[in-house]
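Under the UniProt record's numbering, read the sequence shown as residues 1 to 312, first letter to last. Heads up, the beta-carbon is just placed ideally off N, CA and C, and yes, glycines get one too. In what follows, a single structure is set out as structure tokens and then discussed.
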Amino acid sequence: MGSIENPLLNITPAIVKNVRKLYGLDDQKRLDEAIKILEDWVQKQPHIIKKDFSKRFLETAIVSCKGSVEKAKKQIDTLCTMKTMAPRFFVKCNLKTELQNILEKVWVIPLPQTSEDHCRVVLIKTFDNNLTPEEILQFFQYVLILADYVRANDYVDGFIIIVDYRDVNIFNLITRLTTPDVHPFLNILIKGYGGRMKNMHLITESKAVDIVVTTVKQFISEKLGKRILVHKNLEELYEVVPRDLLPEEYGGKLKSYHKMQAELVDEVSSEKHIEYLKMMSKACTDETKRNTEKFNEEYMGMPGSFRNLTVD
1 MGSIENPLLN ITPAIVKNVR KLYGLDDQKR LDEAIKILED WVQKQPHIIK
51 KDFSKRFLET AIVSCKGSVE KAKKQIDTLC TMKTMAPRFF VKCNLKTELQ
101 NILEKVWVIP LPQTSEDHCR VVLIKTFDNN LTPEEILQFF QYVLILADYV
151 RANDYVDGFI IIVDYRDVNI FNLITRLTTP DVHPFLNILI KGYGGRMKNM
201 HLITESKAVD IVVTTVKQFI SEKLGKRILV HKNLEELYEV VPRDLLPEEY
251 GGKLKSYHKM QAELVDEVSS EKHIEYLKMM SKACTDETKR NTEKFNEEYM
301 GMPGSFRNLT VD
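If you want it as structure tokens, here you go:
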């Protein structure tokens with residue numbers, strides 16, 4: 001893998017080594033073999049338009065699938081298919097100029113320090129959740145721009161999500177969770193980008209949060225649903241998330257989230273990332289060329305050109 005230096009995300013060679021080791025990928029020869037299998041598979045798929053995925057993209061796909069090359073195949077196929085079937089989620093490239101309105105209502109900040117088990121902490125700070133359906137779609141577009149950035153620059157074993165609802169009306173949120181864009185968005189994020197949620201922490205004193213949690217659980221697996229935790233205040237959050245990983249506004253040792261948000265918006269709105277997004281927009285499918293006879297076999301990860309790399 002190439003350089004891992006990044007102005008926002010603190011990824012060290014030790015983190016990369018340890019994450020690879022978790023899934024038996026610390027042997028360079030074995031890792032190269034897995035990437036080559038994935039490369040060859042992409043070339044053989046007539047319906048996948050983009051053929052030149054970077055080795056880093058393929059590697060992080062395998063890592064996000066816990067070392068399974070078969071699951072990485074399904075992940076890439078899903079992402080490309082969703083870009084074709086639901087293009088509305090991917091039409092924005094410049095966060096600063098195209099999604100300015102939503103940036104005034106909610107921030108999504110990948111924090112720079114990872115946890116001891118190599119997970120990225122992501123802070124979602126909501127200032128106003130009285131969103132229109134169009135603004136909800138803008139929020140999803142915003143998150144997917146960040147998802148592409150993280151996939152291109154990060155190297156972690158999952159995500160710890162902190163959602164701060166202390167300053168908003170939870171009842172407003174409940175009605176917004178029933179919009180038709182919620183389910184496809186979650187599919188894209190979880191199945192297409194491999195966003196493995198280790199835990200989600202909601203901070204609020206509102207009793208209505210129970211309804212929110214129940215609603216969200218309808219869109220995700222039972223396993224993920226059990227990872228949603230509610231905290232009435234920051235003191236309860238500190239019991240499960242180390243303060244050292246949090247911004248100064250949350251009693252932590254990191255710099256202000258205002259500064260982190262400004263730096264993040266500048267970074268993902270840079271010419272470099274916009275060009276990357278435009279390049280990745282070609283990672284879609286031509287469904288007229290999909291091999292329908294073998295579609296079910298390949299999509300379900302049956303034996304073929306794929307195999308699973310198990311941890312010794």
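> Between residue 213 and residue 190, is the Cβ-Cβ spacing less than 7 angstroms?
Replying inline: Start at 1 with the first residue of the sequence shown, and residue 213 comes out as number 213. Start at 1 with the first residue of the sequence shown, and residue 190 comes out as number 190. Not closer than 7 angstroms, so no.
> Taking C-beta to C-beta, are residue 211 and residue 164 nearer than 7 angstroms?
Replying inline: In the sequence shown, the residue the question calls residue 211 occupies position 211. In the sequence shown, the residue the question calls residue 164 occupies position 164. Result no, Cβ atoms of residue 211 and residue 164 do not sit closer than 7 angstroms.
> Can we say the stretch 139-159 touches the stretch 219-233, given the rule of at least three CB pairs closer than 8 angstroms?
Replying inline: no
> Would residue 251 be called buried (16 or more neighbouring beta carbons within 10 Å of its own) or exposed?
Replying inline: As a working note, residue 251 is residue 251 in the sequence shown. The residue is exposed, with fewer than 16 neighbouring Cβ atoms inside 10 Å.
> Can you give the Cα-Cα distance for residue 117 and residue 288, rounded to whole angstroms?
Replying inline: Mapped onto the sequence shown, residue 117 falls at position 117. Mapped onto the sequence shown, residue 288 falls at position 288. So the two alpha carbons sit approximately 43 angstroms from each other.
>> Just verifying my parser: in three-state terms, what is the DSSP assignment at residue 126?
In response: Taking the sequence shown and counting its residues from 1, one reaches residue 126 at position 126. Judged by DSSP in its simplified three-state form, residue 126 adopts strand.
> Straight-line CA distance for residue 297 to residue 170?
Replying inline: One-based indexing of the sequence shown puts residue 297 at position 297. One-based indexing of the sequence shown puts residue 170 at position 170. Any reading at residue 297 needs caution, since the residue's pLDDT is 45, under 50, leaving its predicted position unreliable; the model's value is listed next. Distance between the alpha carbons of residue 297 and residue 170: 43 angstroms.
> Under 7 angstroms, do residue 253 and residue 244 count as touching if we go by C-beta distance?
Replying inline: Position 253 of the sequence shown, counted from the first residue, corresponds to residue 253. Position 244 of the sequence shown, counted from the first residue, corresponds to residue 244. Yes, these two residues count as a Cβ contact at 7 angstroms.
> Hey, residue 58 and residue 39 are a contact pair by Cβ (cut 8 angstroms); roughly how many whole angstroms apart?
Replying inline: Counting from 1 along the sequence shown, the entry for residue 58 is found at position 58. Counting from 1 along the sequence shown, the entry for residue 39 is found at position 39. Right, the Cβ-Cβ distance comes to about 6 angstroms (below 8 angstroms), so this counts as a contact.
> Over what stretch of residues does the beta strand (DSSP E) that includes residue 160 continue unbroken?
Replying inline: Against the sequence shown, residue 160 aligns to sequence position 160. It spans 159-164 - the beta strand (DSSP E) in which residue 160 sits, taken as one unbroken run.
> residue 83 lies in the alpha helix (DSSP H); which residues open and close that run?
Replying inline: As a first step, residue 83 is located in the sequence shown; it is residue number 83 there, counting from the start. For residue 83, the uninterrupted alpha helix (DSSP H) segment begins and ends at 69-85.
> Residues bridged to residue 229 by DSSP?
Replying inline: The residue given as residue 229 occupies position 229 in the sequence shown. In the DSSP output, where bridge partners are listed per residue, residue 229 has 201.
> Which ranges does the alpha helix (DSSP H) cover as unbroken runs of at least 4 residues, wholly within the stretch 237-301, from first to last along the chain?
Replying inline: List check, alpha helix (DSSP H) in window: 257-268, 271-280, 292-299.
> If you drop the 5 nearest sequence neighbours on each side, which residues of the same chain put their C-beta closer than 7 angstroms to that of residue 282?
Replying inline: Here residue 282 is taken as the residue at index 282 of the sequence shown, counted from 1. Contacts found: 49, 50.
>> If I measure Cβ to Cβ from residue 224 and keep anything under 7 angstroms in the same chain, skipping five residues before and after, which residues do I get?
In response: Here residue 224 refers to the residue found at position 224 when the sequence shown is read from its first residue. So the qualifying residues of the chain are 197.
>> Using CA atoms only, rank isn't needed, just tell me which of 195, 200, 272, 291 is closest to residue 94.
In response: Here residue 94 refers to the residue found at position 94 when the sequence shown is read from its first residue. The shortest C-alpha separation from residue 94 is found at 272.
>> Here's the rule: buried if 16 or more other CB atoms are within 10 angstroms of the residue's CB, otherwise exposed. What is residue 77?
In response: On the sequence shown, residue 77 is found 77 positions in, with the first residue counted as 1. By the 10 Å Cβ count, residue 77 comes out buried.
> Among the residues of its own chain, which have a CB less than 7 angstroms from the CB of residue 172, if the five just before and after it don't count?
Replying inline: Here residue 172 corresponds to residue number 172 of the sequence shown, with the count starting at 1. Counting only Cβ-Cβ distances below 7 angstroms, and skipping sequence neighbours, we find 129, 130.
>> Looking at the strands, I want to know which residues DSSP matches up with residue 114.
In response: By 1-based counting over the sequence shown, the position of residue 114 is 114. Answer is 120, bridged to residue 114.
> When DSSP labels each residue in this structure, what does residue 212 get in the three-state scheme?
Replying inline: Counting from one through the sequence shown, the residue named residue 212 turns up at place 212. Helix at residue 212.
> Just the Cα atoms here: how many angstroms apart are residue 120 and residue 113?
Replying inline: As a first step, residue 120 must be located in the sequence shown, where it is residue number 120. As a first step, residue 113 must be located in the sequence shown, where it is residue number 113. Spanning the two alpha carbons is a distance of roughly 7 angstroms.
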